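Heads up, the thing below is written out as structure tokens.
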Amino acid sequence: MLDAAARRLIDPPLNRLGRSLARAGATADGVTLAGLGLGLAAAAMIALGAPGWALLPLLASRLADGLDGAVARATRRTDWGGYLDIAADFAFYGAIPLAFILADPVANGAAGGFLLAAFYFNGTTFLGYAILAEKKRMQTSAQGIKSLYFSNGLLEGTETIGFFVLLCLLPGYFAPLAWVFGAVCYLSGTLRLIGSRTVFRD
1 MLDAAARRLI DPPLNRLGRS LARAGATADG VTLAGLGLGL AAAAMIALGA PGWALLPLLA
61 SRLADGLDGA VARATRRTDW GGYLDIAADF AFYGAIPLAF ILADPVANGA AGGFLLAAFY
121 FNGTTFLGYA ILAEKKRMQT SAQGIKSLYF SNGLLEGTET IGFFVLLCLL PGYFAPLAWV
181 FGAVCYLSGT LRLIGSRTVF RD
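Shown next as structure tokens:
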């Protein structure tokens with residue numbers, strides 16, 4: 001819901017930094033993989049009981065996630081790069097709740113499982129929408145220039161990162177926060193599914 005507004009603020013500095021990285025020889029795929037590595041390092045720190053320290057690699061990973069597209073725009077965008085980016089994003093999004101489950105299975109297991117199931121459903125509606133949008137040659141740049149069609153929703157990347165930051169700051173409240181966020185994820189995916197019936201009606 002907040003991604004479009006966030007992109008207007010962060011894209012100009014990201015594009016400048018992306019051009020600098022491209023001139024220094026960085027590749028978009030390399031930045032994507034570095035971001036994934038940082039995100040998984042954050043998840044490992046959470047699982048080991050250090051969620052506060054995990055904020056550093058977590059936020060750095062999301063910076064890299066924004067920079068890979070900027071580097072691609074400064075060099076050459078590829079379908080493979082877009083595919084790698086979305087796969088890395090989903091790996092990261094799943095790793096953080098899993099890390100909290102591993103950190104305290106008794107307290108966080110049920111809520112974490114519910115949250116992961118909600119992510120799974122919401123991600124399916126998102127990617128399915130993108131596939132059908134490609135078949136209809138639909139385009140949008142509301143969330144920036146992307147390799148896939150990005151449909152909006154109640155919860156997008158900005159809200160999810162904010163949620164992860166909140167979890168790291170308040171790890172003792174993981175369970176209630178996960179139940180609430182998971183429920184809104186299900187609502188977001190359901191609304192996207194209902195809306196797609198009109199958009200993609202033959």
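The sequence shown begins at 1 in the UniProt record's numbering and counts up one residue at a time. Cβ coordinates follow ideal geometry from the N, Cα and C atoms, glycine included. Note that the structure is predicted; figures quoted are calculated from it, not measured.
Notebook entry, point to check: Who are the Cβ neighbours of residue 47 in its own chain at under 7 Å, not counting the five residues just before and after it?
Noted result: In the sequence shown, counting from the first residue as 1, residue 47 sits at position 47. Excluding residues within five positions, the ones whose Cβ falls inside 7 Å are 99, 102 and 103.
Notebook entry, point to check: Does the Cβ of residue 32 have 16 or more other Cβ atoms within 10 Å, making it buried, or fewer, making it exposed?
Noted result: For the purposes of this step, residue 32 is taken as the residue at position 32 of the sequence shown. Buried, by the Cβ-count rule.
Next item on the list: Using alpha carbons as the reference points, say which of 129, 119, 180 and 176 lies closest to residue 196.
Entry: Position 196 of the sequence shown holds residue 196. Out of 129, 119, 180 and 176, 129 has the C-alpha closest to the C-alpha of residue 196.
Next item on the list: Note the first and the last residue of the continuous alpha helix (DSSP H) segment covering residue 128.
Entry: Taking the sequence shown and counting its residues from 1, one reaches residue 128 at position 128. Element bounds for residue 128: 105-135.
Next item on the list: Starting from residue 176, trace the alpha helix (DSSP H) both ways and give me its first and last residue.
Entry: Here residue 176 refers to the residue found at position 176 when the sequence shown is read from its first residue. Looking at the DSSP string, the run of the alpha helix (DSSP H) that includes residue 176 is 174-199.
Notebook entry, point to check: Going by Cα to Cα distance, which pick from 52, 49, 58 and 69 is closest to residue 13?
Noted result: Within the sequence shown, numbered from 1, the residue matching residue 13 stands at position 13. Among 52, 49, 58 and 69, the Cα nearest to that of residue 13 is on 69.
Notebook entry, point to check: Over what stretch of residues does the alpha helix (DSSP H) that includes residue 51 continue unbroken?
Noted result: The residue you call residue 51 lines up with position 51 of the sequence shown. It spans 51-74 - the alpha helix (DSSP H) in which residue 51 sits, taken as one unbroken run.
Notebook entry, point to check: Under the rule that 16 or more other beta-carbon atoms within 10 Å means buried, what is residue 167, buried or exposed?
Noted result: Here residue 167 refers to the residue found at position 167 when the sequence shown is read from its first residue. It counts as buried.
Notebook entry, point to check: Out of curiosity, what's the CA-to-CA distance linking residue 97 and residue 112?
Noted result: Within the sequence shown, numbered from 1, the residue matching residue 97 stands at position 97. Within the sequence shown, numbered from 1, the residue matching residue 112 stands at position 112. Each residue's CA atom was taken as its position, placing residue 97 and residue 112 some 6 Å apart.
Note to self: Spatial neighbours of residue 51 within its chain, please: C-beta separation below 6 Å, excluding the five flanking residues on both sides.
What the structure shows: The count along the sequence shown starts at 1 and reaches residue 51 at position 51. Same-chain partners within the cutoff: 168 and 171.
Checklist line | Exposure label - residue 192; buried when at least 16 CB within 10 Å | finding: Residue 192 sits at position 192 when you count from the first residue of the sequence shown. Result: buried.
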